[in-house]
Amino acid sequence: MPPTFLEDVHAIEQIYVRYCELVDAKQFDRLGDCFTSETAHDYTRALPGITLEGLAPLIASMHWNLGDGSHCGATHHNVGNFRIQVDGDRAHAKVNYYAVHRGVGRHEGALYSMWGLYDDELVRTSAGWRVARRVYSSVLTEGPVVTARDGA
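Taken in order, the sequence shown gives residues 593 to 744; the numbers are from this note's numbering.
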């Protein structure tokens with residue numbers, strides 16, 4: 593029997609929870625649990641000129657910005673206000689996020705906070721729902737950008 597609308601919505605919500613868990617645990621290599629291998633990310637509404645095509649570039653970007661050697665230590669990501677529309681094996685979701693990042697190194701002790709919106713297209717795969725395309729918007733930021741590396 594095919595899943596019900598509420599089962600699909602719950603499964604999609606869990607993708608966002610999983611994403612937060614993986615990013616905060618710095619388990620970036622497991623982001624395939626949340627995204628398709630061809631995932632596309634448009635950050636231009638938050639970071640002009642930044643787009644990523646594919647899971648491997650997304651994982652590399654996460655390692656670069658939040659991983660070892662960056663000025664970003666512990667993070668805490670939260671999601672909420674889910675607006676999800678399901679149409680068969682495709683879905684559209686708008687999800688608010690709040691993320692806080694603790695600085696290390698030259699940003700030791702500083703906090704960088706971001707509030708914004710994930711505007712996503714999802715597809716049902718054999719492994720479950722995955723984000724195929726994300727448009728990332730930043731509504732508000734506060735504090736020094738601790739996710740930047742020296743010289744970057």
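For every residue, glycine included, the Cβ atom is placed at its ideal position computed from N, Cα and C. Small disclaimer: the values here were computed from a predicted structure and weren't measured.
- By the neighbour-count criterion, in which 16 or more other beta carbons inside 10 Å mark a residue as buried, Ser662 falls on the buried side.
- Close CB contacts of Pro595 within its chain, under the 8 Å cut and outside five residues either way in sequence, are with Ala603 (chain order).
- DSSP, read as helix, strand or coil, puts Ile604 in helix.
- Sequence-distant Cβ neighbours of Cys664 in its own chain, meaning closer than 6 Å and more than five residues away, are Leu658, His693, Val738 and Thr739.
- At a cut-off of 4 residues, the continuous stretches assigned as alpha helix (DSSP H) that sit fully inside the region 613 to 658 are 647 to 658.
- Of the candidates Gly624, Thr717 and Glu713, Glu713 places its Cα closest to the Cα of Lys686.
- Gly735 sits in coil when the DSSP states are folded into three classes, being neither helix nor strand.
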